[in-house]
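Counting in this note's numbering, the sequence shown runs from 14 upward without gaps.
Read through the structure below, which is laid out as structure tokens, and then see the notes.
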Amino acid sequence: MENERKRKSFFQKKDRPDLMPEDTSPTLAYFFKLLGRKAGKLLSLNLLMVLQVLPLVIAVFVYMMGAKTPTVESPMYAPLLGTYIAGGSPIAGTLLGLFGRQLDIPVMTTGRLIVILCLVGFTLLTWGWQNVGAVYNLRSMVRGDSCFLWSDFFYAIRRNLVQGFLFGIIDFIIIGLLGFNIYFYFTLSTEFSYGVMYAISIALAVFYICMRTYIYPMMITFDLSIYKLLKNGLIFTLLGIKRNIMMLLGMLLVVVITLALVFGGLASGLSFTLILPFFYFLPLVGFIGIYAAYPNIKRYMIDPYEQPEDTVEED
């Protein structure tokens, strides 16, 4: 009796024989419940995930903080300047004032270029490993397994050392090319043809976001070649369209809230809001992706092999 009272002092909930087991179906309601439970783990995982982008942030800082040189923003400046010098018309002078705005762009010195290339190269070589380790922990959280962040992180890397390295290079290059295309066509999107290419680049980027969300969980769960990982990722992007749409909406909501916090803080003179995304953004977006992707992987690639065995045992 004394032991029972002591036990109840630590466990507030009493035993209830009629208490139903918790519904762990991957619904939207259970997502928020699981997110609340794993918030501490996600913040701890962020310490590992932020190292993935830290070299790139430093590279941008090195590029932006050095010596700068002025240059004109608009390509119309040169012909307008020639027209103004040749004729000196008031209209040319007005247009020159409109299109003659100058920008300060960084000067790329040899030393700065070497530092930036080293930082980008380090990220390229470790990109896949860091994704593999992070996704392994995120999958454990979504499945409800025990999660030992540091040991599981490096265990996943050792287990997928070669494949994680090779696909990480492919993944990094694809992300870089898609990002460059979006930026390039955005600057020229005033023309219809470039606007179409800009829209196509956005669509390809969204499609690849869905693909890679499936590729990394499959890599750490199954023994598949890179070709089959890409093929299955493509299939799941189309097959799991409902969960993929919800995943993209969730990620978009996180991005919008983050931008609102950063720019709202800067407008209010709170410069520390610039570093807020480094405390939560990567693990939160990753958790949303794995929560949406893993149930589809389990449904189509794991359950079909487990259920027949259960049926045989019952017979």
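The C-beta atom is built at its ideal place from N, Cα and C for all residues, glycine as well.
These numbers come from a predicted model, not from an experiment.
Exposure of ASP328, with buried meaning 16 or more beta-carbon neighbours within 10 Å: Reliability fails at ASP328, whose pLDDT of 40 lies under 50, so the model's placement of it is uncertain and no value is given.
Nearest to VAL269 (by Cα), restricted to the options LEU251, LEU283, PRO290: PRO290
Residue from ASP165, PHE197, PHE166, GLN176 whose Cα sits closest to the Cα of ILE228: GLN176
Exposed unless 16 or more other CB atoms sit within 10 angstroms - verdict on PRO317: exposed
Own chain partners of PHE199 with C-beta closer than 6 Å, once the 5 adjacent residues on each side are dropped: TYR211
Cβ shell of ILE310 (< 8 Å), same chain only, five flanking positions each side left out: TYR227, PRO230, MET231, THR234, PHE249
Meets three-Cβ-pair contact criterion under 8 Å: the region 295-312 and the region 253-261: yes
Cβ-based neighbour list, GLU319, same chain, cut-off 8 Å, excluding 5 preceding and 5 following: none
Spatial distance of PHE220 from VAL133 (CA atoms): 25 Å
Beta-bridge partners of PRO83, as assigned by DSSP: ASP117
Heavy atom of the ligand MG within 8 Å of ILE127 beta-carbon: This structure does not include the ligand MG; it has no bound ligands of any sort.
Helix, strand or coil at LYS54 according to DSSP, with G and I counted as helix: helix
LEU251, enclosing alpha helix (DSSP H) - first and last residue: 239-252
PRO317 - DSSP class collapsed to helix/strand/coil: helix
Minimum C-alpha distance to VAL267 - residue among GLY302, LYS244, ASP236: GLY302
Under the three-state DSSP convention, the category PHE45 falls into: helix
Simplified DSSP state of LEU64, which is helix, strand or coil: helix
Sub-9 Å separation of ALA80 and THR122 beta-carbons: yes
Exposure of SER281, with buried meaning 16 or more beta-carbon neighbours within 10 Å: exposed
Integer-rounded CB distance, given that TYR293 should sit under 8 Å from ASN144: That pair is no contact at about 18 Å.
Cβ shell of LEU274 (< 7 Å), same chain only, five flanking positions each side left out: THR286, LEU289
Cα-Cα separation, VAL63 to GLY157: 23 Å
Cβ-based neighbour list, THR324, same chain, cut-off 6 Å, excluding 5 preceding and 5 following: In this prediction, THR324 has a pLDDT of 46, which is less than 50 and means its spatial position is unreliable; what the coordinates show is noted afterwards. There are no such residues.
ASN150 and PHE166 closer than 9 Å at C-beta: yes
Backbone CA spacing between GLY49 and ALA218 [nearest angstrom]: 30 Å
Residue span of the alpha helix (DSSP H) that contains ARG152, given as start and end: 123-156
Which of helix, strand or coil DSSP assigns to PHE199: helix
Local conformation of PHE220 per DSSP, three classes: helix
N- and C-terminal bounds of the alpha helix (DSSP H) containing ILE310: 290-310
Same chain, Cβ closer than 8 Å to SER238, five either side skipped, listed in chain order: none
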